[in-house]
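Numbering (full-length UniProt numbering), first residue to last: 1 to 40.
Single-structure report; data block below.
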């Protein structure tokens with residue numbers, strides 16, 4: 001696995017998915033923020 005390997009996210013019948021991820025290596029702030037990067 002690698003830093004970007006967040007596992008599978010499954011949506012319900014209405015196509016809505018909810019996820020709660022806690023990771024000490026990922027950040028929403030600063031130069032290494034994951035904001036604006038793709039999730040595939």
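Quick reminder that beta carbons are idealized off the backbone N, C-alpha and C, glycines included.
Small disclaimer: the values here were computed from a predicted structure and weren't measured.
Cβ neighbours of residue 27 within its own chain (closer than 8 Å, five residues either side excluded): 33, 34. Between the alpha carbons of residue 13 and residue 19 lies a gap of roughly 16 Å. Short of 6 Å from the beta carbon of residue 17, and not among the five residues preceding or following it, lie these beta carbons of its own chain, in chain order: 9, 11.
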